[in-house]
Amino acid sequence: MTGRETDPDQDFTIELQRVEFEDDDPFGPETYAITFRVERDGRGFDITVWLLAYSVPTVELIRAAMVLLHEVVAKLTEQTRAWKGGMA
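Okay, so the sequence shown: first residue is 886 according to this note's numbering, each after it adds one.
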């Protein structure tokens, strides 16, 4: 046990981890699974977002995934806002 406490003001590093083309279902749409690595204070986790293949031009794929990641995290923030309650 390190005795450390998470500093909510500390910045994260977010890096593209991998891009995978998925065609698992022969009758379903092809998708891209774009995974980002999120780290802070030597610890991290991965977040994957999925985009339909051909929904954006290939050259815009990463940018579209970044926007989608932002939207997902914003929704998570909104959904957990009530958890803060009366805390400062």
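Every residue gets a Cβ at the ideal spot worked out from N, C-alpha and C, and that includes glycine.
1) Spell out the partners DSSP gives TYR917 in its beta bridges.
2) Determine the burial state of ALA959: buried for a count of at least 16 other Cβ atoms within 10 Å of its Cβ, exposed for fewer.
3) Between ASP909 and GLU956, what straight-line distance do the alpha-carbon atoms span, to the nearest angstrom?
4) So, with DSSP's three-state summary, where would you put THR891?
5) Is it right to say TYR939 is buried, meaning 16 or more other beta carbons lie within 10 angstroms of its own, or is it exposed?
6) The alpha helix (DSSP H) with VAL952 in it runs from where to where?
7) Specify the secondary structure class of LEU901 as computed by DSSP and reduced to three states.
8) Please report the Cβ distance between LEU954 and PHE921, rounded to the nearest whole angstrom; I am assuming they are in contact, meaning their Cβ atoms lie under 8 Å.
Judging by the given coordinates:
1) BP columns for TYR917 point to PHE906 and LEU936.
2) exposed
3) 26 Å
4) coil
5) exposed
6) Unbroken alpha helix (DSSP H) run through VAL952: 946–965.
7) Here LEU901 sits in strand by DSSP.
8) 6 Å
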